[in-house]
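Peer 1: Heads up, the sequence shown is in this note's numbering, so the first residue is 25 and it goes up one at a time.
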Amino acid sequence: MASRLSVVALFVGGVLALPFATFVAAYDRRPVLALSVALVFFLPFAAYAVSIDRSPRGLFPPGAVLVGGGVVAAFVVSFGALTGGLPMALATGAVILAAALGYHGRYATTPVPSRIVGVGGVLLTVAVGVVGLMVGAPLASGVAVAAVAAATVDYHRERRWLTRPRRRVAASVVLSGGACVVVAGVVLDEAMAGVALAMALLVVGAALAVE
C-alpha cells in the first residue's frame, strides 16, 4: 500500500510540475527557469513518496538516484552555460545533486567512502562558489554553496562519520568564517557577495550544530 501511495505522490507531483514548467518555458523562454519551477513542485512530493515508503530502496535504488542526480545536475549546468542561464543553472544543479546525495546517504547499503564524499564535497563547494561569483551572481553562488556543503555534512552525519565534538568544532569554524566573509565583503566593496556566502555558511553551520 505504501509503495502505491509513493507512486501516486510522484504522479501528482509530476502532474503539477509539468503545466507550470511548460507555461514558464513557453512564455519566458528560459528552460532552466522552467526546470527550477518544476523542481519546486516535484521535489516535495518526491520527498513525501520516500518518507511513506517502508522500503524505498526497491522503488528508488540509491545508487541509481545518486548517479541520475549527478548526470542531471551536470546537464543542467552545462545547458545553462551554453544558453546564458548559468547562475540559475548552477543553483538548480546544486539542489538536484544535494537531494540525490541526501537520499543516498540515508538509504544506500554501501555508502560512498567518507574521503571521497568529504574531498569531493569541498572541491565542488569551492568550484560552484567561485563560478557563481565570477559570473556576477552572488545569490546563486550562495544557494549552490549552501546546497552542496550542507548535503556533504548531512551525508557524514547520516553515516555517523562525524562525532559530536568534531561537529561542534567544525560548526564554530564555519560560523566564524561566515562572520569573516561578511567583513571581507564590506572591505572589498562586495557586500552582496559577502552576505550571500555568509548565509550559505550559516546554513552549513546549522547543519553541523543541530542535534
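For each residue, glycine too, the CB sits at the ideal point set by N, CA and C.
Out of L57, V101, A118 and S138, which one is the CA nearest neighbour of R181?
Peer 2: Comparing Cα-Cα distances from R181 to each of L57, V101, A118 and S138, the minimum goes to S138.
Peer 1: Evaluate F35 with the Cβ neighbour count: other Cβ atoms within 10 Å of its Cβ, from every protein chain shown; 16 or more gives buried, anything less gives exposed.
Peer 2: Label assigned to F35: exposed.
Peer 1: Measure from the alpha carbon of A233 to the alpha carbon of each residue in Y179, L199 and W185, then state which is nearest.
Peer 2: Per the Cα distances, L199.
Peer 1: Given that a residue counts as buried once 16 or more other Cβ atoms are within 10 Å of its Cβ, and exposed if not, what is F257?
Peer 2: There is no way to answer for residue 257, as the model of the chain reaches only from 25 to 235.
Peer 1: Starting from P135, follow the alpha helix (DSSP H) in both directions and report where the run begins and ends.
Peer 2: It is not in any alpha helix (DSSP H) - P135 carries neither H nor E in the DSSP assignment.
Peer 1: Output needed for G93: all residues of its chain with C-beta closer than 6 angstroms, excluding positions within five of it in sequence on either side, in chain order.
Peer 2: Here the set comprises I120, L121 and A124.
Peer 1: Anyone know if the C-beta pair for L90 and V136 falls short of 9 angstroms?
Peer 2: In contact: L90 and V136 (Cβ atoms closer than 9 angstroms).
Peer 1: Cα separation between R53 and V154?
Peer 2: C-alpha separation (whole angstroms): 27 angstroms.
Peer 1: On the criterion of 16 or more Cβ atoms from any shown chain inside 10 Å, does S30 qualify as buried, or is it exposed?
Peer 2: It counts as buried.
Peer 1: Taking the CB atoms as reference points, tell me whether M258 and P162 lie closer together than 9 angstroms.
Peer 2: Outside the shown range of the chain (25 to 235) lies residue 258, about which nothing can therefore be said.
Peer 1: Output the distance between the C-alpha atoms of A62 and G37, rounded to the nearest integer angstrom.
Peer 2: For A62 and G37, the distance between alpha carbons rounds to 9 angstroms.
Peer 1: What do you reckon, is the C-beta of S196 under 8 angstroms from a heavy atom of the ligand SAH?
Peer 2: Summarising the ligand content, the structure contains no ligands, and the ligand SAH is consequently not present.
Peer 1: Measuring straight from C-alpha to C-alpha, what distance separates Y127 and P86?
Peer 2: The alpha-carbon atoms of Y127 and P86 are separated by roughly 7 angstroms.
Peer 1: For V234, name the three-state secondary structure that DSSP assigns.
Peer 2: Here V234 sits in coil by DSSP.
Peer 1: F84 and A73 - do their beta-carbons sit closer together than 9 angstroms?
Peer 2: Contact flag set, yes.
Peer 1: So which of A168, V219 and G104 has the shortest CA-CA distance to V205?
Peer 2: Nearest option by C-alpha distance: V219.
Peer 1: How far does the alpha helix (DSSP H) with R191 in it reach, from first residue to last?
Peer 2: Here the alpha helix (DSSP H) through R191 covers R188 to V211.
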